[in-house]
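Structure, as structure tokens:
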Amino acid sequence: MPSPARRAAGANLPQVRDHNSALVLDLVRRGGAISRVELAAQSGLTAQAITKIVNRLVADGLVTEAGRIGSTGGKPRTLLRLDPTARYAVGVHLDRDDTTVVLTDLTAQKVTRRHVPQGMTADPSATLDRVADAVRAVLTDIADASRLVGVGIACPGPLDHTTGVLHRVTGLPDWDGFPLGAEAADRLGAPVTVDKDTNAAAIGQTLSSPDTPVNFAYLYHGQGIGAGLVLGGRVYRGRRTNAGEFGHQVIDLNGPPCRCGNRGCLEALCRAALDTGNPVRAAHLVGIATANLVHLLDIDHIVLGGPVVLAAAEQYMQEVATTVNALLPEPDWQRVIVGLAADRADTIATGAAALALAPLFNTSTSDDGADRAA
Ligand SMILES: [Zn+2]
1 MPSPARRAAG ANLPQVRDHN SALVLDLVRR GGAISRVELA AQSGLTAQAI
51 TKIVNRLVAD GLVTEAGRIG STGGKPRTLL RLDPTARYAV GVHLDRDDTT
101 VVLTDLTAQK VTRRHVPQGM TADPSATLDR VADAVRAVLT DIADASRLVG
151 VGIACPGPLD HTTGVLHRVT GLPDWDGFPL GAEAADRLGA PVTVDKDTNA
201 AAIGQTLSSP DTPVNFAYLY HGQGIGAGLV LGGRVYRGRR TNAGEFGHQV
251 IDLNGPPCRC GNRGCLEALC RAALDTGNPV RAAHLVGIAT ANLVHLLDID
301 HIVLGGPVVL AAAEQYMQEV ATTVNALLPE PDWQRVIVGL AADRADTIAT
351 GAAALALAPL FNTSTSDDGA DRAA
């Protein structure tokens, strides 16, 4: 179901008119160069339907004909390719302290970026005015603003991905209930998708490192701690689209109070460790929590990102790897690979742009709250 924000601005959505068109466009994107015959075989659609859809995609400029190949016993087949520059998306990483905006092509490759040294202030409306200015600034880099597919905004949760409404974001009470998606869509006149920064990070990880496995957790450690969960190649969001609140698992019943109102959350314990200048202790705690996650989901691949990780990346990674593997009862059988995020710059903003592209390729949220990761 489309978000209100997406519905409100839907009239501007370019050209992919139905499910089958999006399916075919996605096959062209994944195929690199693909013939109409292969499209029919892979989609299950009739040759006539493929012809009609491809004609429309070519007319819209999304697909181009790219040479011919011979086929055994038949006439040569024309190959079709996606034109990556036919449309663009904008990805916004709206963080607590700063904002990064990227413009990407249809393959989520970054074309240009802007950085704003201000993030989510106590005034959501003023913050969004600044975001809108930065988005307009990157759009000046493409000649025709009507080629914008949409805008993806990644920010700290909790939030409702389907409505684009923020909930009680820790430390930012003025944003509770703020309809970020709808407000941004109003300012920009474009479809807007809102998601947690951790989910955008996980999507960005699969984009920048295509050999990332289909099951992994992206653990983000910045001012907060969260997880982007990719299961079976799809982002898992959960019933209320709020899965991955990794930092608020209680690991010490008598621990210090957390900003969420509970006691002894991982996030509160890590903050205490960092405040006393002990990042290894923080990484050790994250390792304990990661073992819980592995017990629960049986994933074998953890990707670490975020400023606290990057401040001492190797040391942090080693401590998490050692701790998690020591806590699993059968470490040889249950071995967990812990690695660092692939692209340290603009991963989250690029992942947010991929979210905006998803409707074009029919890879957006399904009823189970899961998105294909890339
Ligand atoms: Zn908490």
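Counting in the UniProt record's numbering, the sequence shown runs from 1 upward without gaps. Built from N, CA and C at the ideal position, the CB exists for glycine as well.
Quiz item: Counting pairs of Cβ atoms below 8 angstroms between the segment 143–156 and the segment 77–92, do you hit three or more?
Solution: Judged by Cβ distances under 8 angstroms, the segment 143–156 makes contact with the segment 77–92, as three or more pairs qualify.
Practice problem: Please confirm whether Phe246 and Ile299 have their CB atoms less than 8 angstroms apart. | Solution: In the sequence shown, counting from the first residue as 1, residue 246 sits at position 246. In the sequence shown, counting from the first residue as 1, residue 299 sits at position 299. Not closer than 8 angstroms, so no.
Exercise. Pull up the CB-CB distance for Leu180 and Ile153, whole angstroms please, since I reckon it's below 8 angstroms.
Key: On the sequence shown, position 180 is the one that residue 180 refers to. On the sequence shown, position 153 is the one that residue 153 refers to. Contact flag correct, Cβ pair sits at about 6 angstroms.
Quiz item: What are the start and end residues of the beta strand (DSSP E) that includes Val230?
Solution: Taking the first residue of the sequence shown as 1, we reach residue 230 at position 230. Where Val230 is concerned, the enclosing beta strand (DSSP E) starts and stops at 225–231.
Self-check item: DSSP-derived helix/strand/coil call for Ala154
Solution: Taking the first residue of the sequence shown as 1, we reach residue 154 at position 154. Here Ala154 sits in strand by DSSP.
Quiz item: DSSP on Leu327, reduced to helix/strand/coil?
Solution: Sequence index remark: in the sequence shown, residue 327 carries index 327 (1-based). Looking at Leu327 - three-state DSSP - the assignment turns out to be helix.
Practice problem: Report the rounded CA-to-CA distance for Gly10 versus Asp18, giving the unit in angstroms. | Solution: Residue numbering aside, residue 10 sits at position 10 when the sequence shown is read from its first letter. Residue numbering aside, residue 18 sits at position 18 when the sequence shown is read from its first letter. Caution applies to Gly10, whose pLDDT of 30 falls short of 50 and renders its modelled position unreliable; the value that the coordinates give is listed next. Those two C-alpha atoms are separated by around 13 angstroms.
Exercise. Using three-state DSSP, classify Gly181 as helix, strand or coil.
Key: Numbered from 1 along the sequence shown, position 181 holds the residue referred to as residue 181. Helix.
Quiz prompt | Cut-off 6 angstroms between Cβ atoms - residues of its own chain near Val16, not counting five sequence neighbours on either side | solution = Taking the sequence shown and counting its residues from 1, the one referred to as residue 16 is at position 16. With a pLDDT of 49 at Val16, under the threshold of 50, the modelled position of this residue cannot be trusted; read the value that follows with caution. The answer, listed in chain order, is Ala22, Leu360.
Quiz item: Is the Cβ-Cβ distance between Arg168 and Asp176 less than 8 angstroms?
Solution: The residue given as residue 168 occupies position 168 in the sequence shown. The residue given as residue 176 occupies position 176 in the sequence shown. Contact flag set, yes.
Quiz item: Do you know offhand how far Thr64's Cα is from Ile50's?
Solution: Mapped onto the sequence shown, residue 64 falls at position 64. Mapped onto the sequence shown, residue 50 falls at position 50. The C-alpha of Thr64 lies about 14 angstroms from the C-alpha of Ile50.
Exercise. Please classify His248: does DSSP put it in a helix, a strand, or coil?
Key: By 1-based counting over the sequence shown, the position of residue 248 is 248. Look at His248 here: in three-state DSSP terms it is helix.
Quiz item: Just to confirm, does Asn262 get its C-beta within under 7 angstroms of one of the non-hydrogen atoms of ligand 1?
Solution: The sequence position of residue 262 within the sequence shown is 262, counting from 1. Correct: Asn262 has its Cβ closer than 7 angstroms to ligand 1.
Exercise. Measure the beta-carbon distance from Pro329 to Gly222 and round it to whole angstroms, keeping in mind my assumption that it falls under 8 angstroms.
Key: Here residue 329 corresponds to residue number 329 of the sequence shown, with the count starting at 1. Here residue 222 corresponds to residue number 222 of the sequence shown, with the count starting at 1. Rounded, the Cβ-Cβ distance is 32 angstroms, inconsistent with contact.
Quiz item: Apart from the five residues on each side of it in sequence, which residues of its chain come closer than 6 angstroms, Cβ to Cβ, to Cys270?
Solution: Numbered from its first residue, the sequence shown carries residue 270 at position 270. So the qualifying residues of the chain are Ala282, Leu285.
Quiz item: Got a sec: does ligand 1 put a non-hydrogen atom nearer than 7 angstroms to the Cβ of Cys258?
Solution: The residue you call residue 258 lines up with position 258 of the sequence shown. Under cutoff, so the answer is yes.
Quiz item: Out of curiosity, what's the CA-to-CA distance linking Gly67 and Ala132?
Solution: Translated into the one-based positions of the sequence shown, residue 67 becomes position 67. Translated into the one-based positions of the sequence shown, residue 132 becomes position 132. It is roughly 41 angstroms from the alpha-carbon of Gly67 to the alpha-carbon of Ala132.
Exercise. Could you tell me which uninterrupted beta strand (DSSP E) segments, each at least 3 residues in length, are contained entirely in the segment 94–139, listed from first to last along the chain?
Key: Within the segment 94–139, the complete beta strand (DSSP E) runs of at least 3 residues are 99–104, 110–116.
Quiz item: Where do the ends of the alpha helix (DSSP H) carrying Ile302 lie?
Solution: To locate residue 302, count along the sequence shown from 1; it is residue 302. Where Ile302 is concerned, there is no enclosing alpha helix (DSSP H), although the beta strand (DSSP E) around it starts and stops at 301–305.
Quiz item: If you draw a straight line from the C-alpha of Leu166 to the C-alpha of Asp195, how long is it?
Solution: Residue mapping note: residue 166 aligns to position 166 of the sequence shown, counting from 1. Residue mapping note: residue 195 aligns to position 195 of the sequence shown, counting from 1. Distance between the alpha carbons of Leu166 and Asp195 is about 10 angstroms.
Quiz item: What number of angstroms, rounded off, separates the C-alpha of Arg136 from the C-alpha of Val250?
Solution: Position 136 of the sequence shown, counting from 1, holds the residue named residue 136. Position 250 of the sequence shown, counting from 1, holds the residue named residue 250. Taking the straight line joining both Cα atoms gives about 42 angstroms.
Practice problem: Report buried or exposed for Pro124, applying the criterion of at least 16 other Cβ atoms within 10 angstroms of its Cβ. | Solution: In the sequence shown, counting from the first residue as 1, residue 124 sits at position 124. That one is buried.
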